[in-house]
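Residue numbers are given in the UniProt record's numbering: position 204 of the sequence shown equals residue 204, and the series is strictly consecutive.
Worksheet: the structure to be examined is printed underneath.
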Amino acid sequence: MNRELPGTLMSIGEFSRYSGLSVRMLRHYAERGVLAPAEVDEFSGYRRYAPGQLQDAGRVRMLRDSGCGIPAIAELLPLFDSPDMLRLRLQSHLDELKAEARRVAEQQALAVNLLGELEARARRLDVVERTFPALRVLYLRRTVADYPSEGALWVNFRGPVAELTSHDPEAFGDLGGATYFDDEYRDADVEMAIWREYRGASVPDGYEVVELPEQRVATVTHRGGFETISEATATAGAWIADQQRTRTGPIFNVYVHGPGRDPNPENWVTEVNVPIAV
């Protein structure tokens, strides 16, 4: 911080013109102890600034424009006399800005997705009652941190699928999905299984071959990214309640056209299935 205040003192208006900070903001900074005037007339209350304070004013403006609030400006301004410490603190601020940018980008993506879903929301999602066929599947059941962690399970699944397919190109069928075993929605420690229709004989370590039974299900087809898939689940739940039907097993999704085939979420098609009593 510039502590030398030589030269003729300037009125707050003149200092404002040269510093690029409005009179209102100069008064605000002074009240917060960030950039105090060099002199305040005890009778008139007029504030005067020294030419040497213009450098500090420029630094305040740069810190403000880089996203620093007043507490951060007050902390960082004296550190211009200690460049190493300032560099570390500015790097920390930059890391915070990057994290905030990622959060905003995620919120923007969700907002775009929600806008795209407005038309779909205007159309009533249909519930189809059908019989889901019995399936023999390669099955990986785990308790994971949260629902988005399902993606990591599918990444792990790719290795065994590639290995088994290299020996038998016909080992897998077209159907794949995920089953969710918790009766309630959980914020953490979610028990789920991912699976693919399987005709092969080999069973990799940590996996199972499971015979899924034929089931009567209420199915809602969701189109788009997974951010709004809860609408399909809610639609199925409302239908079951309205029809006075009974859920008989864990909800499961079938990924008709998903991220494994197409990176564009606009093209994804997921069937949400709720097993129901006949």
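Using N, Cα and C, we set each Cβ at its ideal position, and we do this for glycine too.
When DSSP reads this structure, S11 sits in a beta bridge with R48.
Taking 8 Å as the cut-off, the Cβ atoms of L140 and L125 do not count as close.
Taking C-beta atoms as the reference points, I73 and V128 fail to come closer than 8 Å.
Of the residues P160, A188, R130, the one whose Cα lies closest to the Cα of Y147 is A188.
Of all alpha-carbon atoms in I276, E150, N156, the one lying nearest the alpha-carbon of Q244 is that of I276. In the pairwise beta carbon analysis, the region 254 to 265 is classified as not touching the region 233 to 241: fewer than three pairs are separated by under 8 Å. In the three-state scheme derived from DSSP, where H, G and I count as helix and E and B as strand, I73 is classed as helix. Remark: C-beta atoms of I229 and V272 approach each other more closely than 8 Å. Our two residues, R89 and L76, have alpha carbons roughly 8 Å apart in a direct line. Burial check for Y198: the Cβ neighbour count within 10 Å reaches 16 or more, so the residue is buried. Annotation: the region 135 to 206 contains the following complete segments of the alpha helix (DSSP H) (minimum length 4 residues), in chain order: 150 to 167. Boundaries of the beta strand (DSSP E) around A218: 215 to 223. Within the same chain, and ignoring the five residues on either side of C68 in sequence, the residues whose Cβ sits closer than 8 Å to its Cβ are L76, H93.
The Cβ atoms of Y49 and F15 lie closer than 8 Å to each other. A contact is defined here as three or more CB-CB pairs under 8 Å, and the region 217 to 226 meets this definition with respect to the region 100 to 118. For T228, no beta strand (DSSP E) segment is defined, and its DSSP state is neither H nor E. Judged by DSSP in its simplified three-state form, R261 adopts coil rather than helix or strand.
E211 sits close to R136, with the two beta carbons spaced by under 8 Å. Short of 8 Å from the beta carbon of M85, and not among the five residues preceding or following it, lie these beta carbons of its own chain, in chain order: L79.
Here DSSP, grouped into helix, strand and coil, assigns E208 to strand. DSSP, read as helix, strand or coil, puts E42 in coil.
Annotation for T179: A193, P250, F252 place their beta carbon closer than 6 Å to its own, counting only its chain and skipping 5 residues before and after.
A Cβ-Cβ contact shorter than 8 Å links F172 with R196. Around the beta carbon of A201, fewer than 16 other beta carbons lie within 10 angstroms, which makes this residue exposed. Residue range 53 to 65 is occupied by the alpha helix (DSSP H) that includes V60.
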